[in-house]
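Accompanying notes for the structure given below.
In my numbering, the protein residues as written are 25 to 623.
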């Protein structure tokens, strides 16, 4: 603030206080604004001075004011300069940030060295010259006629395939284009009923010539498998699996050569209702049922199943059976960051009849024992986990013998871990054990363990060529918890599995004091055919304190072959052949042709 302005302000204040030496004059708004602008400019020129007192702060001007006599009037130039400065620097609003002064300088350079409009490359990158040769115009087809076949070939010349429909289908269809019929509310608005009844399955017929060492037989056999499914809601259904051409373990057959050939077709029909149903159970979600009853969203998810329930755990090695009982999963979709678990389920189960455990037997004649499917109960749990970059299954069950099989009660455990290593091999390791029988050691039927190693290798054609090496080691008499067909080595290779139809021969699959491996390769061509070639070996060993009856008679060496091809979308042709040399006992051989119709 200059001296002239300060004296003018002081003089005006003194005249106003004294009430004399002052003449009342009328001034215009422009003159007042000019005076304010001059005072503001004077204040900006004196930045080191203290803040102005409240008496000189800006106030809204009125149409009249008292000015000191002789005070110089502000000129128009000063007013214009003040307005120009105010327009150049608008007063920021509350919350606004100060505008940037320009792009930040590149490290190591000053802002003066940055050329205007020159692109700046981020650290670690560099600019390249633009090359128009990397681009070309869109294709034109003005001189080329439209080729519908060529356009079709782009998508593999695919043709529409009508969906296969079940032979019996009632209610809402399996495949529908809409509009859909409004569902019912019998079980609540939040659990609508969608009735849908289907019957579907397959029909297998095979012709085989089998030499099981002690018996040779040429025969034809047929097997009809029917699935009956009644869908009630989106989560609840009743399902059954029946075989109308089978009586217990005997299939409908025609024996044309070998021992005891038949003169006519041997039709086998179930002799009881219990023999008709292989499975028959209800399954659903308890949370959906409770939510529907309360007309609210499902408060939880707990899958349940009851009846003649089929269960498959540990890839069917430990448990692959249907028994009268129930299963429930009260623990589902759990995680633990501390233990590295991304997903975990726990299923509890119990079986009270038709439990097929090879360790529960009953007398079938002098010195002969047979499996007793109606003489045991099982109570157990199985845990499924995604953890440690792999997949885990851990199961435990207590097998309770009843009646004459009471002394054969025992414990059964299984642990499985599956993981891929180095993007080269997919490995599964399984340990299954049976222990705790009260019988004398020589009479125990379930006492020991087996270690199974399953390895499939990632080839240069991972989708069609799959080499594999599966190995095992069995100690004493381990048993699966429950299996409808086959032994513990059922999944080791094609040489260890039977066809569950013609009695096709197989290597020793018990794992009772044996060790060995299956080495083979599977090739799937264009995903439309399958060829498997396999070599198998079963060795024997005998511990000094073990029952000498446990070991097989000698080592076994085998070679197996399988070929499958679909004839159309419903028919499949399969061919199998095998030969096995056995020490100290007759060799095995078999060849079979099967045609399978799926409907």
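For glycine and all other residues, C-beta sits at the position ideal for the given N, C-alpha and C.
- Runs of the beta strand (DSSP E) lying entirely within the region 509-574 and spanning at least 3 residues, in chain order: 538-547, 554-564.
- Taking the CA atoms as reference points, residue 380 sits about 44 Å from residue 201.
- Short of 6 Å from the beta carbon of residue 415, and not among the five residues preceding or following it, lie these beta carbons of its own chain, in chain order: 442.
- Under the three-pair Cβ rule at 8 Å, the region 324-336 does not count as touching the region 213-230.
- Annotation for residue 501: the continuous beta strand (DSSP E) segment containing it runs 489-501.
- In chain order, 596 place their CB closer than 6 Å to the CB of residue 590, counting only its own chain and leaving out the 5 sequence neighbours on each side.
- In terms of Cα proximity to residue 271, the closest of 294, 553, 289 is 294.
- In the DSSP assignment, residue 601 falls outside any alpha helix (DSSP H) and within the unbroken beta strand (DSSP E) covering 595-606.
- In terms of Cα proximity to residue 560, the closest of 365, 183, 542 is 542.
- Under the three-state reduction of DSSP output, residue 243 falls in the strand class.
- By the neighbour-count criterion, in which 16 or more other beta carbons inside 10 Å mark a residue as buried, residue 351 falls on the buried side.
- Shortest Cα-Cα distance from residue 460 to any of 440, 535, 430 involves 430.
- Put simply, of 373, 310, 156, 399 the residue whose alpha carbon is nearest the alpha carbon of residue 385 is 399.
- Burial state of residue 292 is buried, judged by a 10 Å Cβ sphere holding 16 or more other Cβ atoms.
- Going by beta carbons, residue 411 and residue 366 fall inside the 8 Å limit.
- Ranking 505, 358, 278 by CA distance to the CA of residue 247 puts 278 first.
- Separation of residue 353 and residue 510 (C-alpha to C-alpha, rounded to the nearest whole angstrom) is 28 Å.
- For the pair residue 512 and residue 502, the CB atoms are nearer than the 8 Å cut-off.
- For residue 457, the three-state secondary structure derived from DSSP is strand.
- Inside the region 330-355, DSSP marks no whole alpha helix (DSSP H) run of 4 or more residues.
- Annotation: the continuous alpha helix (DSSP H) that includes residue 318 extends over 310-318.
- Classified as buried, residue 520 has 16 or more neighbouring CB atoms from the shown chains inside 10 Å of its CB.
- Taken in chain order, the complete beta strand (DSSP E) segments of 3 or more residues contained in the region 141-212 are 192-195.
- For residue 196 and residue 312, the gap between their C-alpha atoms comes out near 20 Å.
- Runs of beta strand (DSSP E) with 3 or more residues, each lying fully within the region 367-399, are found at 385-389, 392-395, listed in chain order.
- Here residue 409 is buried: its Cβ has 16 or more other Cβ atoms, across all protein chains shown, within 10 Å.
- Here residue 191 is exposed: its Cβ has fewer than 16 other Cβ atoms, across all protein chains shown, within 10 Å.
- Residue 429 carries a helical assignment under DSSP once its states are collapsed to helix, strand and coil.
- Just so you know, the alpha carbons of residue 448 and residue 341 end up roughly 24 Å apart.
- The DSSP-derived three-state label of residue 485 is coil.
- As the crow flies, the alpha-carbon of residue 533 is around 26 Å from that of residue 489.
- Residue 213 and residue 621 have their C-alpha atoms roughly 41 Å apart.
- The Cβ-Cβ distance between residue 356 and residue 325 falls below 8 Å.
- In the DSSP assignment, residue 226 falls outside any alpha helix (DSSP H) and within the unbroken beta strand (DSSP E) covering 217-235.
- Bridge partners of residue 451 according to DSSP: 443, 479.
- DSSP, read as helix, strand or coil, puts residue 622 in strand.
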